[in-house]
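Novice: Input: one structure, supplied below.
Chains as they are written, first to last, in our numbering: chain E, 125 to 1135; chain R, 8 to 485.
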């Protein structure tokens, strides 16, 4: 492409002439496509030249503004003001659903992702994958050009090849793709299948809700989407279903939003839903549940049938299970769950994890149906774009045909089958039987390396696209920037195969949407772009009924038994999912929600299992090394670090996938162990295995070395009943039996702000606003999205495994996780800890150079320029929230590799990047506070923004709405109301530092029978 | 019946029947003799260690504080431990020279010069650490109250700032005190040295000293005033160093017992260090008659007393932790004795509390070899005391989620070892070029300094005043 703009009007082929149309458009554009090639030296020079040209031609060029018209969200000024962020609605596709987002775009540079309030799957909230995807955009390791047999070629070479190769429409083409809900994609897919009569099209996802859909096929005779409405459910039974976590459920954000909203307690009059979690590994959902039962993965199925059998005694519709009697039939929990479910008919949800069998999901569907939940707290929806077949089986069959040499061309769209496919399919071998293999992907990955053609995929933030939410609402994906590496989106790729030339994603999407939007296309289109969602759309709800053959279809499975001995359970990873986010350093460095491990995958096991196989369940406090185990399943065996997780089911070992990469990128390479080889097409999710310690050790970077509260009062909890009896349970006096020392003396002096103090506290009492924060521990389930959001907002560096292992992690907000109770079956508590912004901040008193001081609006500020790095403030911080730049982390982070400019673009221009040797910490997002104050001053003349005008990054991301922030001098602000809540408490009240960040005590809605 | 009382004379402070001339020769000859080979070997070794220090510091400045084992929660580690340890060592010198001077303890004259030199070099070693342990060493001058266009002053609330003043004052006064004491001895060497250059240099430092009555009068006054100034500093420096910890709110640091406990510990470790050095030096330079076993015994008694004070403080900390009812305070002390740093805690107790108790035995406290051994043990123990205080408190403070273990890296250790290079380089230069015993003062405690000038028969005998000869190289056959 760059050749063309430089050379010019001569053309050598018709194709080139066709491409020259683009050149003609050159003057109309604000900026030519070349500008996206910042990559190598040569094109950087041409970049400068073109840059000059475009300024001359267009007069004004804001560097990377997309060409097509995209509409900013309502909160933006009329014209672009340099330095003022604009907000654009878009959405992030993840498998076959999209979540609506709002992208902050500063001077043509997207640098922060937030949830879109108007989108049902987001309601303004996000998960870690969405937050971290902005870094994925700027990943310098993304593939930068198409490759033909490993050699760099241009995008046009590929188009030329496609045009030649697919001129023969009778080719036997196999398409393998990822799950997607894009209407445009499906339109092009239809066209391709129509044009290529001998083509076969299969979709493969290593983890998906496939089995849930198959379950509805068994139960109701239709392949349907199951949507659980946690906002309507008083009782939630999760059978190994971590539905609040993004790796385990595509709709985790909406699930979390609704579930936590149902459990908000503002006064003693409020109620909470009750959650029962029956699960194998200790998950976030399990830690949030009121009652948790640990069972091996393979025990979940018989347990469910036993439950159905018990229920069949009382309700109609479960006759198929009536005869079931197994090891769990007399389990204490069966009676309890049955009576709870019967008491909450029509207002409960029963759900099971995606990795369980279709028959188990059928049983769950039948239970929901029989209890009258269907149509109320659980709804079923038709999936119009989905083929009515078992996609997974179709994929396996297609691979068999592939091996037989049926296909001459293989087109792989996005998927990384060479890495993720079950080991018994021997996919790499199968690929050798195909003449032409074309692969579209973000990275030059395992599959790209065995393909003839690799095409670099454009990131969703830089391309046009569309998609449907989990519940079917249509959204458009609008680009925020020109493709950095000039890649193709999936739809552009398919269109290239179809037409032999590259067409604009914008036109492709508009062509599809003209069908949806009808006559008043332009106006409706603008509305959709603006809102980010077509609110009118959605999957049709289906009234379901059990099929007549249900009993006979499910009968053969009912005798299923748990695996004997040790089983392994293979799950998608909490951070990198199936491996697709493996090169995202924010995610890699995010402590896993329960284990707090970074930069590795491990074999999770219970303390009892560890002891049984000969591993010390106690981990050394002094060093990071943990024992390794060899896991052998079938003829596959691998060595991996063992990690003892209290609360894990005995005799079961949980592994996560996606690690052990080579040559993928500088983040992913060499991290962890590839566990995919343990999966087979018959036993994808759990299977029997043997495990033995190898005597080797392995260093693990875990950010929390001590897991007990030691009887301290950082976490305060009560049951809902206890709270109603004693609303004041979280106060210091209730916990300790006496008042905070010094409070009486202060009261005698007429000071009601806290215990008596030596220091002058009048730093700005007349000033309004005064900022404060509350964190509701009753909502937090420890997902860690606050950490990623904060990292994105505040330019927090990634420091790597070695540095994390040395306990130098830089996160400004961390989530502490404590275990309490029995080591085999503990309760887990999550506690997000940002800077407390103490009114009598101990850090401020000890800094010799006054680098940390108080602002008049009550924030503890850090002046980086003044800091000399004595670390005294960090020592004197009782909460240990201060983070020190031991090395020049930022420099390493921002200048790694050949292309420092790329990663620098991800930085928030409103936040200083910190140099080596200075201290940093949570600022309460002071840049957002200041912006709100300025805006308020301009609008109303008052420097006191209205409630809700300042939303911190962590608060904005939190799907549990656990964090509130605002002005404490406004008695009606959300944060003030929370501070007036009975459950409000501060940590370490007795040392009288007067934190501005306080917590709302956690409640649990216990069943008295189990308590 | 009448009682007879026997007069028990104080043992002579200087053994052997030396006259003034012998003393002058014995001490200043060391400086005037050709440099012995052994000195070169020792100096070379000290220089190597000094290079280690310079190399470690250079790498530290280049790479950043991250080369040390520090982390969150342990923001301070070996650097601060070493700082406190070296400052503590320095204490003995000032105590011996100032406080014992004011208390008219004649035995101090044998060791005061030596101990003061040790103080100065120890404080220099100590001073390195707070300067280099900051993240941005190139702006370390911001800790000084230098007027600037931003009218930005340091934070006078911060104990680290107090440290800056306390340590720099201490160093200045100690140095002046030492120098003033050296003036008459500089003059002695000036008079004895033959080389012109030597005469010029020593003469310059001797400030024109001619030993006139007026000179002595001025000297005695200024020495007294400096002793008076230095005395509160002995107490204040370590008190303020202890404030670094005591003023904070970290359990295990926030303790009012720290000032006296730190001062006692400092004297304890300082005396141990003086003993370690003295026992070697008196042997090497044949000064057993000046630095006698009586001196060793007296110092051992101080070690026994201060060691027991420190032991009492340890016990008191536990008592207060229990008595205060503060759970975090209780937890930290229990953790010290039983937790991840129990090994360090028990090394500390063994070395600091148990080992000095041997000195209840007269035989042991007069045993030179045993004293040397205990002096080393005490110094190890006192290093661990600072380690236990600084690191264990930070490692396991309020929030159990933040607990973390600290271990040093190669660079922590090399920097510490390197400071011995600095210390011994200076100390060896001192031994070589300056009189290591205060010649003028020592003469004052000789029997000859208190002449009765009458013989047994009551006849007046005029004192013999001998002017020492200029130093001549002893001929080879002597």
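For every residue, glycine included, the Cβ atom is placed at its ideal position computed from N, Cα and C.
At the 7 Å Cβ level, is residue 1041/E part of the contact set with chain R, yes or no?
Specialist: Taking Cβ atoms only, chain R reaches closer than 7 Å to residue 1041/E, which makes this a yes.
Novice: Would you say residue 930/E faces chain R, with C-beta separation under 7 Å as the test?
Specialist: Chain R contact via Cβ: present.
Novice: Please report the residue range of the beta strand (DSSP E) in which residue 986/E lies.
Specialist: Per DSSP, residue 986/E belongs to the beta strand (DSSP E) from 984 to 986.
Novice: Would you check if the segment 670 to 681 of chain E and the segment 479 to 487 of chain E touch, i.e. whether three or more CB-CB distances between them fall below 8 Å?
Specialist: Touching, yes, given that three or more Cβ pairs across the two stretches are closer than 8 Å.
Novice: Quick one: grab the DSSP three-state call for residue 830/E.
Specialist: Residue state, collapsed to three classes: coil.
Novice: So if DSSP puts residue 226/E in a beta bridge, which residue, or which two residues, is it bridged to?
Specialist: In DSSP, residue 226/E forms a bridge with 213/E, 238/E.
Novice: Might you give, ordered along the chain, the residues of its own chain that have their beta carbon closer than 6 Å to the beta carbon of residue 399/E, omitting 5 neighbours on each side?
Specialist: Within the same chain, residue 399/E has close Cβ partners 360, 413, 414.
Novice: Compare the C-beta of residue 167/R with all C-beta atoms of chain E and state if any pair is closer than 7 Å.
Specialist: Closer than 7 Å: yes.
Novice: Using 7 Å as the limit for Cβ to Cβ distance, is residue 970/E near chain R?
Specialist: Closer than 7 Å: yes.
Novice: For residue 1005/E and residue 957/E, I'd like the C-alpha separation in whole angstroms.
Specialist: Looking at the two C-alpha atoms, the distance is approximately 7 Å.
Novice: At least one CB of chain R closer than 7 Å to the CB of residue 833/E: is that the case?
Specialist: Yes, contact with chain R.
Novice: Determine the DSSP secondary structure at residue 801/E, reduced to helix, strand or coil.
Specialist: DSSP places residue 801/E in helix when its eight states are reduced to three.
Novice: So residue 943/E and residue 776/E are supposed to be a Cβ contact under 8 Å. How far apart are they, rounded?
Specialist: With a Cβ gap of about 18 Å, residue 943/E and residue 776/E do not count as contacting.
Novice: What residue from 408/R, 391/R, 407/R has the CA that sits closest to residue 95/R's CA?
Specialist: Of 408/R, 391/R, 407/R, the residue nearest in Cα terms is 391/R.
Novice: With distance defined between alpha-carbon atoms, name the residue in 185/R, 84/R, 130/R nearest to residue 174/R.
Specialist: Comparing Cα positions, the closest option is 130/R.
Novice: Sorry if obvious, but does the Cβ on residue 513/E come closer than 6 Å to a heavy atom of the ligand SAM?
Specialist: The model depicted lacks the ligand SAM and carries no ligand whatsoever.
Novice: Please tell me whether residue 1128/E has its Cβ less than 7 Å away from any Cβ of chain R.
Specialist: Chain R, which has no Cβ nearer than 7 Å to the Cβ of residue 1128/E, makes this no.
Novice: Please confirm if residue 999/E has its CB atom under 7 Å from at least one CB of chain R.
Specialist: Answer yes: the Cβ-Cβ gap between residue 999/E and chain R drops below 7 Å somewhere.
Novice: Let me know if residue 634/E comes out buried or exposed under the rule of 16 or more other beta-carbons within 10 Å of its beta-carbon.
Specialist: Buried, by the Cβ-count rule.
Novice: Nearest chain R C-beta to residue 973/E closer than 7 Å, yes or no?
Specialist: Cβ-Cβ to chain R under 7 Å: yes for residue 973/E.
Novice: Measuring straight from C-alpha to C-alpha, what distance separates residue 269/R and residue 106/R?
Specialist: If I take the Cα positions, the gap works out to 17 Å.
Novice: Spatial neighbours of residue 25/R within its chain, please: CB distance less than 8 Å, with the 5 preceding and 5 following residues excluded, ordered by chain position.
Specialist: Contacts found: 33, 296, 453.
Novice: Taking the CB atoms as reference points, tell me whether residue 185/R and residue 133/R lie closer together than 7 Å.
Specialist: No, they are not a contact pair.
Novice: Would you mind telling me which residues of chain E sit closer than 8 Å to residue 70/R, beta carbon to beta carbon, in chain order?
Specialist: Chain E residues near residue 70/R: 1011.
Novice: Chain R beta carbons: is any one of them nearer than 7 Å to that of residue 189/E?
Specialist: Note that residue 189/E scores a pLDDT of 48, beneath 50, so its modelled location is shaky and nothing firm can be said.
Novice: Output needed in chain order: residues of the segment 51 to 75 of chain R with a Cβ under 9 Å from some Cβ in chain E.
Specialist: Hits within the stretch, in order: 70, 71, 72, 73, 74, 75.
Novice: Taking the alpha helix (DSSP H) that residue 289/E belongs to, which residues open and close that run?
Specialist: Its alpha helix (DSSP H) spans residues 279 to 289.
Novice: Could you check the C-alpha separation between residue 248/E and residue 242/E for me, to the nearest Å?
Specialist: Whole-angstrom Cα-Cα distance: 7 Å.
Novice: I'd like to check one pair, residue 795/E with residue 715/E: are the Cβ atoms closer than 7 Å?
Specialist: Cβ atoms of residue 715/E and residue 795/E: not closer than 7 Å.
Novice: For the beta strand (DSSP E) containing residue 261/R, name the first residue and the last one.
Specialist: No beta strand (DSSP E) holds residue 261/R; DSSP gives it neither H nor E.
Novice: Contact defined as beta carbons within less than 8 Å: I believe residue 763/E pairs with residue 688/E. What is the distance between those atoms, to the nearest angstrom?
Specialist: At roughly 24 Å, the Cβ-Cβ gap does not stay under 8 Å, so residue 763/E and residue 688/E are not in contact.
Novice: Per DSSP, which one or two residues make a beta bridge with residue 417/E?
Specialist: In the DSSP output, where bridge partners are listed per residue, residue 417/E has 402/E.
Novice: With a threshold of 7 Å between beta carbons, is residue 738/E in contact with chain R?
Specialist: So no, residue 738/E is outside the interface.
Novice: Mind checking whether residue 578/E and residue 536/E have CB atoms under 7 Å apart?
Specialist: Contact: no.
Novice: Determine, for residue 401/R, whether the minimum Cβ-Cβ distance to residues of chain E falls below 7 Å.
Specialist: Chain E contact via Cβ: present.
Novice: From this set, 142/R, 301/R, 262/R, 29/R, which residue's C-alpha is nearest residue 3/R's C-alpha?
Specialist: Examination of residue 3/R is not possible in this model, given that chain R is present from 8 through 485 alone.
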